[in-house]
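Everything on this sheet refers to the single structure shown next.
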Amino acid sequence: IINGFALPLKQEHKVFLVKVLLPLHKPRCLSLYHAQLAYCVVQFIEKDSTLTPQVFDALLKFWPRTCSAKEVMFLGEVEEILDIIEPEQFKKIIEPLFKQLAKCVSSPHFQVAERALYFWNNEYILSLIEENSSQVMPIMFPALYRISKEHWNQTIVALVYNVLKTFMEMNGKLFDELTANYKLERQKEKRKEKEREDLWKRLAAVELNPPNDRDPHILSKTPLTNFMTKRELPAGYGLIAPANSVGDKSSNFVRSIINGFALPLKQEHKVFLVKVLLPLHKPRCLSLYHAQLAYCVVQFIEKDSTLTPQ
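Counting in our numbering, the sequence shown runs from 62 upward without gaps.
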């Protein structure tokens, strides 16, 4: 039927592609009919190349997240489409296409990574990449360089080295720039990681002030603890102390720590919010440090909106 569609394609034929064929990539049983489905999709693109971006958007929308076998099938279909794509249409999909390929190359599942790297064995695709190397290389380089140092499978590492060698031959100047930039970014990341570790060590070293000699029920001379008995004082009070108090330094670097939390938040960070910060809303003297506490809570929600109900 699709082979017999007259040109230009009618609107109802395009609707059939978008509403019927492309959603068929979603079911788990895709393997039962994927070859036929991919053939039909390729036929549509051969008849109307302007459908290419729309097809790629749908494939990325339905891209499998947990099924490696389906991911390999998707990669095979993408290569079939790239085999017949026009250079002008290729330019329109460079960014989303190669961002997805970078994710696939980084996959711990070696078959997914291997299938993605095989794209560089296709001469036509390689020619398209070479024509657009200034756009493709910055997207792919960080993932490839990282994998060349870290991937567990030596076959994948060998394929990655071949791709990097190809990039170097395509555009040696850009390759050198990307290498230098990547190493610089890695150094920055290591510095930030060390700063976070140092801040956590400082946080661990924070201790409650010693009891006041004049009154056994008073824990310190700060405005906060002058209003709180030992029984009322929640754990971690010194982390959110009011301004101009002994705990001001603690407050400042706790806020800086929260600002520096990497995403996604680790479980211990969420526990810190739930077990330490949120209980600080209970004391009667909340007004003494509420501004600092609210700031910290908002920082957590900005970093992970799923914490809002909690």
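No residue lacks a Cβ here, since even glycine has one placed at the ideal position from N, Cα and C. Every value quoted in this text rests on a predicted model; they were computed, and no experiment measured them.
Proximity below 7 Å, CB of residue i to CB of residue j
i, j, result
"K160", "I200", "yes"
"D109", "L70", "yes"
"I217", "F171", "yes"
"A174", "E141", "no"
"F123", "L112", "no"
"S194", "N232", "yes"
"L55", "D365", "Since the first residue of the chain shown is 62 and the last is 371, residue 55 is not available in this structure."
"A219", "V166", "no"
"C101", "L83", "no"
"L121", "P157", "yes"
"P114", "I154", "yes"
"M198", "L235", "yes"
"G321", "R257", "yes"
"Y179", "Y206", "no"
"F202", "L143", "no"
"I362", "L354", "no"
Unbroken alpha helix (DSSP H) run spanning residue i, endpoints
i, result
"V335", "From DSSP, V335 is part of no alpha helix (DSSP H); its letter is neither H nor E."
"F77", "72-77"
"G233", "233-266"
"H351", "351-364"
"Y206", "194-211"
Inspect the CB distances between the stretch 177-185 and the stretch 147-158 and report whether three or more fall short of 8 Å.
no
What are the uninterrupted segments assigned as alpha helix (DSSP H) that are 4 or more residues long and contained completely in the stretch 100-176, given in chain order?
Runs found: 113-122, 129-145, 148-166.
For the stretch 125-139 against the stretch 77-92, are there 3 or more C-beta pairs whose distance is under 8 Å?
yes
Mind the definition here: the stretch 324-339 touches the stretch 354-363 only if three or more C-beta pairs lie below 8 Å; say whether that holds.
yes
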